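Peer 1:
In the numbering used here, the protein residues as written are 692 to 789.
1) What are the start and end residues of each continuous alpha helix (DSSP H) run of 4 or more residues lying completely inside the stretch 716-767, in chain order?
2) So for residue 704, helix, strand or coil by DSSP?
3) If we count Cβ pairs, one from each stretch, closer than 8 Å, do we get three or more for the stretch 698-708 versus the stretch 758-774?
4) Using DSSP with H/G/I as helix, E/B as strand and the rest coil, what is residue 782?
5) Can you check which of these residues, 733, 787, 712, is closest to residue 779 by C-alpha distance?
6) Looking only at its chain, what residues have a beta carbon closer than 8 Å to the beta carbon of residue 757, apart from the 5 residues adjacent to it on each side?
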């Protein structure tokens, strides 16, 4: 239907590491803000104190536009803190199955 190769599957963590060079699960707020600064987002990121808000900013501005360009990309294992309608992964409580 899409006339492209097989879809790419990647964890949320791997997408961040591959695109931004920072781990969303273990990186400090300072590291996340530095990644935002590299994207020209320091004015928004620096005053931010909520980790999930910062992660969402980085994912939407820094990651989403870099993945799925050649083939569809499926991202899974989002942070557990962003699992409103998903269940926590029993093997890694830092992420949710969604």
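The C-beta atom is built at its ideal place from N, Cα and C for all residues, glycine as well.
Since this is a predicted model, take the numbers as computed values, not measurements.
Peer 2: So, from the listed chains and residues:
1) 720-729, 733-736, 742-748
2) helix
3) yes
4) coil
5) 787
6) 710
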